[in-house]
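First up is the structure itself, then whatever we jot down about it.
In the working numbering, the protein residues as written are 819 to 900.
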């Protein structure tokens, strides 16, 4: 797909995603823990977390795609206005 080191896609490119996901994961676990601790059994929490991760991964993919397209359109409009 062209995402090579020679094209400029270094470890820094992947680090951007890793760093963002770590921040998001900490936030998610904090919110999830507050919501379910003392209310669900460990097995119920595990099942709910696994289901939630799958749902959120789908949602993140959709939101990411929309954001990329929106920003791309904005950049394109700016370039065409010059």
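Just so it is clear, CB atoms sit at the ideal spot from N, CA and C, and this is done for glycine as well.
For residue 856, name the three-state secondary structure that DSSP assigns. Reading the chain shown from its first residue, position 38 is the one you call residue 856. Note: residue 856 maps to coil in three-state DSSP.
Please determine if the segment 822-836 and the segment 870-879 are in contact, where contact requires at least 3 C-beta pairs separated by less than 8 Å. With the rule of 3 Cβ pairs closer than 8 Å, the segment 822-836 does not count as touching the segment 870-879.
On the three-state DSSP scale, how would you describe residue 822? Indexing the chain shown from 1 puts residue 822 at position 4. Looking at residue 822 - three-state DSSP - the assignment turns out to be coil, as it is neither helix nor strand.
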